Every structure is written in structure tokens, then in C-alpha cells.
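A short worksheet on the structure shown next.
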Amino acid sequence: MAIWYGGDYNPEQWPEDVWAEDVRLMRQAGVTMATVGVFSWARIQPAEGRYDYGWLDRIIDRLHEGGIAVDLATGTASPPPWAAQKYPRMLTETREGATRWPGGRQHYAATSPDYRRLAAELTRATVERYRDHPAVVLWHLNNELGCHAALDYSDQAADAFRVWLSARYADDIDALNDAWGTWFWSQRYTSFEQILPPRLAPASVNPGGLLDFRRFSSDALLDLARMEKAIIREAGATQPITTNFMGAFPHADYRAWAAELDVISDDNYFDPRDPESFRGAAFSRDLMRSLKPGTPWLLMEQAPNAVNWRPNNAPKAPGQMAALSMQAVGRGADGVLFFQWRQAAAGSEKFHSAMLPHAGTGTRTFREIEKLGAELAELGDLPAPGGEARVAVIFDWENWWAIDQPDHPARFDYAAEVQGWHAAFHRRNIQVDLVGPQGPFDSYDLVVAPSLYLIRDAGPLRAYAESGRTFLATAFTDAVDEYDRLLPGGFTTRLGGALGVAVLEYEGIDEVTWGDQRGSTLREVLRVDDAEVLATFADGEAAFTRRGGAHYLAVLADDAGKAAVVATLAGHAGVEPVRAGLPDRVEACARGDMVTLINHNATAVEVDGGTLPGYGYKITKR
Ligand code: GAL
0 MAIWYGGDYN PEQWPEDVWA EDVRLMRQAG VTMATVGVFS WARIQPAEGR
50 YDYGWLDRII DRLHEGGIAV DLATGTASPP PWAAQKYPRM LTETREGATR
100 WPGGRQHYAA TSPDYRRLAA ELTRATVERY RDHPAVVLWH LNNELGCHAA
150 LDYSDQAADA FRVWLSARYA DDIDALNDAW GTWFWSQRYT SFEQILPPRL
200 APASVNPGGL LDFRRFSSDA LLDLARMEKA IIREAGATQP ITTNFMGAFP
250 HADYRAWAAE LDVISDDNYF DPRDPESFRG AAFSRDLMRS LKPGTPWLLM
300 EQAPNAVNWR PNNAPKAPGQ MAALSMQAVG RGADGVLFFQ WRQAAAGSEK
350 FHSAMLPHAG TGTRTFREIE KLGAELAELG DLPAPGGEAR VAVIFDWENW
400 WAIDQPDHPA RFDYAAEVQG WHAAFHRRNI QVDLVGPQGP FDSYDLVVAP
450 SLYLIRDAGP LRAYAESGRT FLATAFTDAV DEYDRLLPGG FTTRLGGALG
500 VAVLEYEGID EVTWGDQRGS TLREVLRVDD AEVLATFADG EAAFTRRGGA
550 HYLAVLADDA GKAAVVATLA GHAGVEPVRA GLPDRVEACA RGDMVTLINH
600 NATAVEVDGG TLPGYGYKIT KR
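If you count the sequence shown from 1, position 198 lands on 197 in numbering that gives the first Met the number 0, and the numbers rise without skipping.
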């Protein structure tokens, strides 16, 4: 299948006489897919019970005549003003009790029965109308679920949280009390009715409660996606279904979500001002590919040039947009789409770049869009992604939620830690999958578990760590169970045997040296039972150990330290880069037997006896 190319298209913002030009210029740019209807609710439904689809019929037909397929949104992302006026309880509240009012977008509570009913009605009406339209090739649930208001502390959310908790604890309040450890600070509940979301309180609130609230909040959003999906299928529509993810988004457990979707899609807005951001982008691409192994994903949104929502919005360098688009393709994407087709003339996003800029076709942005469209069209069928990586790095949302709490030995950013390990492999062009703590790990020769503090079921990981294959766990691993409770017998009670060490103490630190490397924030005091000590802290305590293939690093290493450890592990496991010996900042990614080489430097480099220009790319074979 050829690569989809296109973007969000918001025709309701324009008079119809502009639409003909849109389709003509889309064709000129090589556009093959438009995402329509994401913010069209107010236009489709001017009042409850009244629908106006005539305009949408006309634009979808027009796109179809132009040979452009439609990713049709359910349109539920931004309720019209009449909805919030009529049903004010659909709004969310912050932890401090402030209402998030209408006037922007996404002013709805996932748990609001009113919102859910209205969203269900709109979804049903839209799907029934367009399920057989030949232009519609994909359904797009809502939009970036949870992007602005994922955590809702309103009374309505409190009701839904209680229902969720009584299901989780089988209606047994003492099961919840035990899980949360509520004899602490006199927090014992005698009824589910007493439970609140973790609102602003005089002192830190119960960690088990915080963790369950994060799970509940992710589930509440997922439940909306499920509701819309069920309506689409009940209506008999057979096209695949997606919703646009936001990379390593903190409020949705995308690994759990992935199972509900036919196609994974992602929105990625790397900051062109940050010279290392292409590594973060690679992390997101690898995460998306890993969420549905073997299935190509879609880059649903990226900026054609600058965004408008950072304090100062750097443009992409000439060629950089194409380079990062090819990174997505090289890492498993079968679609390169943008926000948005035509730059808005009014509203908050009028300074956000678009494929067709306000100043028209005589712009660098449009020229680069046209050029990339032509290049993608020439690619033809690409191999299915999956199975390239010999290395897995574990990335787990519930662990993120558990680490992201106050009252720990030291606070650190779990997602940044995981990305740091991914980047250490990326710098060596070693391909990595991002997997969950349950594996499967069979196809890997090297598994890294950065700060896997919460482990629900250690079985698969322990089996891997004991298998003799190469394994690394790093500081703040294996401390608590799924309820954030310490286990009897100390720390590292489940993986310690395989690692040959036990963690005795956690120490918050500013900076520390270990071997000839540095670390900061957190180190541990280890008891070495049955392991070789590969490096010590300056005070002589063990910092880095190995038992068979199982390594333990008792500190949060800086980038240089991570690089040194990755060099050791890659050697130990015998994993090879996709391509060795490339110049600095030249990326190699594998997709089946296809290899994409991308120069992330602004200047040309020599590769394979030829020249790769600044931000140039080249497709070759393994
Ligand atoms: C995304 C969103 C789009 C647009 C874009 C701007 O978060 O889905 O609708 O707002 O950001 O960068």
C-alpha cells in the first residue's frame, strides 16, 4: 500500500468557493488523505436534535471526485456552546476546584452522562450517513483524547471514580483500605461514598488513591473511545478505526488502548529549536510501532513548519520537515499527515503553520510539501514493520503514574529516563522496541528495565533475567506491587535473585561519580550477594553489577553514563546497529529489509561513498 499523505482539513472555516481551490492544490501537492470533521460539531449540529450535513456531503463528494480519501472524525472533540449552556455539568474541574469553562476546546468531562449522550448521538448520525461513502477509508475517534483536561476532579468525576473503584475492589471497601494502606494518617474508609478524587488537600494524599485515580482517568477516556467504536460497528461501518495518540502522553495507557484500535496513529510536534529533538521523535515512532507489532501506523499530525503554542516558535530548517517525515516512514508509518491543510485565518491557530500557508503557494513551506508529496508517491509498497529490533526497553504507564508522585526518596522524570536510554541506543543506531513489563521478551537479546519501580507480575521479567540473556535494571526498580505497597523482605524482592543483589537503601543525591561516570538525583546502597561488581561509587560501594547476563545499575546515570552502559550491554549481547560507522547525527532505521538513512545535520555528510545533503535521506536495503 502506498503512503497516505495529507492532513487535517477544516473546510467549515472557509466559504465553499475556496473548497475547489483546496482540492486542486491538494492534488498538486500529492495529497491522498484529508482528516475531516474533527472540529465540525457546531457546524453539523447547530442545536440539539438539528443536523446539517449538506455542507459535509458536498465537501466529502468533492474530495472523492478529486481522488482524495477521507479520515472522517466523529467530531466529538469540542462541544458547541449550546451544549455546555444546556448541560453545565458536562464541564471538568481542576484539582483546586476551578471550572474549565467553554471558550477554547475539549470542555467536556469524559464521565459526563450528558456529554456522552450527545457525543453518542453525533457519532451515530455521522456514521449512519457516511458509512458507505467510498471516500471514507478510516474513522477518527474524537481527537487527542485527554490532551487538555485528562484529570477531572469534579463531583461527577467523583461519582464515576467511586463506581470504578467498587468494580475494582469487588464492592469491598476493606479490600480498598488494604490496597491503599489507609490505617496511615487515619484515612480508613467505611464506605465508597466517602472517597474523593485526589483534590487539593492540606497534606499529600494517599499514594494508592493517586495511582488508582490515574488508572481511572485513563480508563474514563478509553471508555469514550470504546463507546464511539461500538457505535461505529453497530452502525455497520467496516472501515478501520483510529484515534490520534500523543507519543508518550502521561494520561493514557496507550498500551491498553492499542488493543481497541485497528490502526495506531500519532501526533508529533518536536521542537526544531532543540537540536536533539529528532531523538525524542524517534522514541515516539518506535513506541507507536511497538504498540501494534507488525501493523504500520500513521503519523496523523505534525507541523509543516513552526507551531504557534510555544513561547517562541522556531521554524523547521529547510528539509527538516521531510527528514522527520521519512524518520516516521522508516520506523513503520504508512502515512504522513499534518495539522493542517490550509492555515486558519481566524482563531488561536492562525499563526500555526499549514501545508498551504496563508501567503499561498509561493512559500518554502508549500514547496517542501509538494516535494515530499512527490517523493512519497514514488515509494510504492513498503515492507511491514516489526521484528527488526533485538533490543527492548520497557516503558510502562502505571509505573510512570506510581513514580510521578511526591514523597519518594528523590523525584525524577521517568519518561525522560526511559527516553534517555532509548537515545543512548539511538545514538549508536541500534533499533529498539518499547515494550510493556509483561513482554513478550522471547525475540530480544537485550532487555532494559529503567526504573521499573512498580511491578504487577514479575514472572515474565524474572524468567527473562534468569535466562542468561542480557538484561539491565536501573535504580528504583522492583520496589512496590500494583497498589504501590512495599513488599515484605526489603526491596528488589522479585528480581534480586536473578540480579544477585539486593537494594538496602535509597539515597537522594545531587551528583555522584561511579566508575568514571556520573549520576545524579538517586543512588542506592546495594548488598551484593552473588554478582560481579563492574563499577563502584567513589565511596567503594557497588554501583554496577552483573550476574550472568543480568546487570544492575544502582544510580540514575547521566547521558554519558548511559552511553557507556549501552556500549557494555550491546557488546555483551552481541547486538548490532542497523548501520555502523555513520557520521554523527546520521540516523539509520530498519523497517523489514528496508533501511532509511537520514542526515539530521544541516550540512552534507559522506555516506556509502556518496553525499547525503543536509537533512537529506536515502532508502537502501539491509
Ligand atoms: C494538536 C491538535 C490539533 C492542533 C495541533 C496544533 O494537539 O490535535 O487540532 O491544535 O495540535 O499543533
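Glycine included, every Cβ here is placed at the ideal spot set by N, Cα and C.
Note that the structure is a prediction, hence the values are computed from the model and not measured.
Of the residues S264, R116, V328, the one placed nearest A1, counting alpha carbons only: V328
Range covered by the beta strand (DSSP E) that runs through W513: 500–513
Proximity winner among S347, G346, R366, relative to M354 (alpha-carbon distances): R366
Proximity below 8 Å, CB of A569 to CB of R427: yes
Three-state class that DSSP yields for F160 in the structure shown: helix
DSSP state of A478 mapped onto helix, strand, coil: coil
Contacts around Q155, its chain only, beta-carbon distance under 7 Å, and the 5 residues preceding and following it disregarded: R88, A108, T110, S111
Stretch pair the segment 449–464 + the segment 165–177: three plus CB contacts closer than 8 Å: no
Pair within 8 Å by beta-carbon distance, E300 and L323: no
At least three beta-carbon pairs within less than 8 Å, the segment 286–302 to the segment 260–268: yes
Counterpart residues of T91 in DSSP-defined beta bridges: R99
Presumed contact (8 Å Cβ cut-off) between I240 and L140, rounded CB distance: 6 Å
Meets three-Cβ-pair contact criterion under 8 Å: the segment 505–514 and the segment 206–226: no
Nearest to G637 (by Cα), restricted to the options L581, R272, R94, T492: Because the chain here runs from 0 to 621, residue 637 falls outside it and cannot be looked at.
Under 8 Å between C-beta atoms of T31 and A72: no
A302: CB within 7 Å of a non-hydrogen atom of ligand 1: yes
Cross-strand partners of I597 (DSSP beta bridge): E586, Y616
Segment contact, 8 Å Cβ cut-off, at least three pairs: the segment 2–13 with the segment 27–42: yes
Proximity of V500 and T491 at Cβ, strictly below 8 Å: yes
F338 CB to nearest heavy atom of ligand 1 below 7 Å: yes
Three-state secondary structure assigned by DSSP to S289: helix
Three-state class that DSSP yields for T520 in the structure shown: strand
Those runs of the beta strand (DSSP E) which lie wholly inside the segment 528–584 and span at least 3 residues: 531–535, 541–546, 549–552, 554–556
Ligand 1 heavy atom lying under 7 Å from the CB of W40: no
Beta strand (DSSP E) runs wholly inside the segment 434–472, at least 3 long, in chain order: 445–448
When A423, L433, F543, A332 are compared against R584, the one with the closest alpha-carbon: A423
Cβ neighbours of T520 in the same chain (closer than 6 Å, five flanking residues each side left out): A409, F411, L555
Integer-rounded CB distance, given that E369 should sit under 8 Å from A28: 5 Å
Neighbourhood of W18 by C-beta distance below 7 Å, restricted to the same chain and skipping five residues each side: P10, I58, R61
Cβ neighbours of R254 in the same chain (closer than 8 Å, five flanking residues each side left out): L290, D395, W396, G435
3-residue-minimum beta strand (DSSP E) runs that sit fully inside the segment 10–98, ordered along the chain: 32–35, 68–72
Closer than 7 Å: V306 CB and nearest ligand 1 heavy atom: yes
Cβ-Cβ distance between E523 and A553 below 8 Å: yes
heavy atom of ligand 2 below 7 Å from N311 C-beta: Questions concerning ligand 2 fall outside what the structure shown contains, since the ligands it does hold are ligand 1.
Span separating the alpha-carbon of T595 from that of E275: 19 Å
Assigned exposure category for F350 - 16 Cβ within 10 Å defines buried: exposed
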